[in-house]
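A.B. asks: After the structure tokens below, expect a handful of questions from me.
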Amino acid sequence: MPTALPSGLLLRPAQHQDLGAIRWLVLGAKLDPTQLRWSQFWVIEHAEQVIACGQLRSFPAAQELGSLVVAKHWRRQGLGSALTQHLIQQATEPLYLECLGSTLAQFYQRLGFQPVSWQKLPRSLQRKFGLSAVAARFGFPVFLMHYDPSQNSAANHTE
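Each position in the sequence shown, counted from 1, maps to that position plus 3 in the working numbering.
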């Protein structure tokens, strides 16, 4: 069951005019600001301000959940969980992501993602995540993950 949003918040597809706010959130989280296509994003807004965003990028035979950010003062209210669950529901291909750090990996595991080796990624994502796989071999806490619906325990999770 998806996490409900607090009163006064709206989850909606991004619009062209949201691109500046999306870039601001992504840069503030020190995420990769390249390939931010507003048409691939969903946003959560409050009082006409974008306070969270996330995108689904399509690749041959796969999709990537990426650029998921919640504004700092809105964290720990279930927004990240709600947005992730919504993006999972929107996915039409097997869903993957990469994240940095065990805290984020645990967050995504609670929502049904499982670690996956680089070798088990679709070829289209092996190219994209190749550098991350190398970094992980040198001890950087980079996690490649695949959504596994049988592992989804999000109904029992509150952020």
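Note that CB positions come from ideal geometry on N, CA and C, so glycine has one too.
If you follow the beta strand (DSSP E) that W45 is in, where does it begin and where does it stop?
C.D. replies: As a position in the sequence shown, residue 45 is number 42, starting the count at 1. Here the beta strand (DSSP E) through W45 covers 44-49.
A.B. asks: Tell me the rounded alpha-carbon separation between A32 and V119.
C.D. replies: The sequence position of residue 32 within the sequence shown is 29, counting from 1. The sequence position of residue 119 within the sequence shown is 116, counting from 1. A32 and V119: Cα-Cα distance of roughly 24 angstroms.
A.B. asks: Using the Cα positions of E51 and L22, report the straight-line distance between them to the nearest angstrom.
C.D. replies: Within the sequence shown, residue 51 is the residue found at index 48, counting from 1. Within the sequence shown, residue 22 is the residue found at index 19, counting from 1. Taking the straight line joining both Cα atoms gives about 14 angstroms.
A.B. asks: Could you check whether Q93 and L59 sit closer than 9 angstroms to each other, using their CB atoms as the reference points?
C.D. replies: Here residue 59 corresponds to residue number 56 of the sequence shown, with the count starting at 1. Here residue 93 corresponds to residue number 90 of the sequence shown, with the count starting at 1. It is a contact, given that the beta carbons lie within the stated cut-off.
A.B. asks: Could you have a look at F116 and say whether DSSP puts it in helix, strand or coil?
C.D. replies: What you label residue 116 is simply residue 113 of the sequence shown in a count that begins at 1. The answer is strand: DSSP assigns F116 an E or B state.
A.B. asks: What's the call for Q66, buried or exposed, on a 16-neighbour Cβ count within 10 Å?
C.D. replies: Counting from 1 along the sequence shown, the entry for residue 66 is found at position 63. When all chains shown are included, Q66 counts as buried.
A.B. asks: So, are the CB atoms of S61 and Q80 less than 9 angstroms apart?
C.D. replies: On the sequence shown, residue 61 is found 58 positions in, with the first residue counted as 1. On the sequence shown, residue 80 is found 77 positions in, with the first residue counted as 1. No.
A.B. asks: Do L14 and W45 come within 9 angstroms of each other at the CB atom, strictly closer than that value?
C.D. replies: Sequence index remark: in the sequence shown, residue 45 carries index 42 (1-based). Sequence index remark: in the sequence shown, residue 14 carries index 11 (1-based). Contact flag set, yes.
A.B. asks: Do you know offhand how far M148's Cα is from A108's?
C.D. replies: For the purposes of this step, residue 148 is taken as the residue at position 145 of the sequence shown. For the purposes of this step, residue 108 is taken as the residue at position 105 of the sequence shown. Cα to Cα, the separation comes out at about 8 angstroms.
A.B. asks: So, at 8 angstroms on beta carbons, what are the nonlocal neighbours of L12 in its own chain, with the 5 sequence-adjacent residues on each side left out?
C.D. replies: Sequence index remark: in the sequence shown, residue 12 carries index 9 (1-based). So the list reads I47, E48, H49, I54, L82, once near-sequence residues are dropped.
A.B. asks: May I have the straight-line CA-CA distance separating R140 from L28, to the nearest angstrom?
C.D. replies: Here residue 140 refers to the residue found at position 137 of the sequence shown. Here residue 28 refers to the residue found at position 25 of the sequence shown. One C-alpha to the other measures close to 29 angstroms.
A.B. asks: Do you know offhand how far L39's Cα is from L90's?
C.D. replies: If you number the sequence shown from 1, residue 39 lands on position 36. If you number the sequence shown from 1, residue 90 lands on position 87. Spanning the two alpha carbons is a distance of roughly 16 angstroms.
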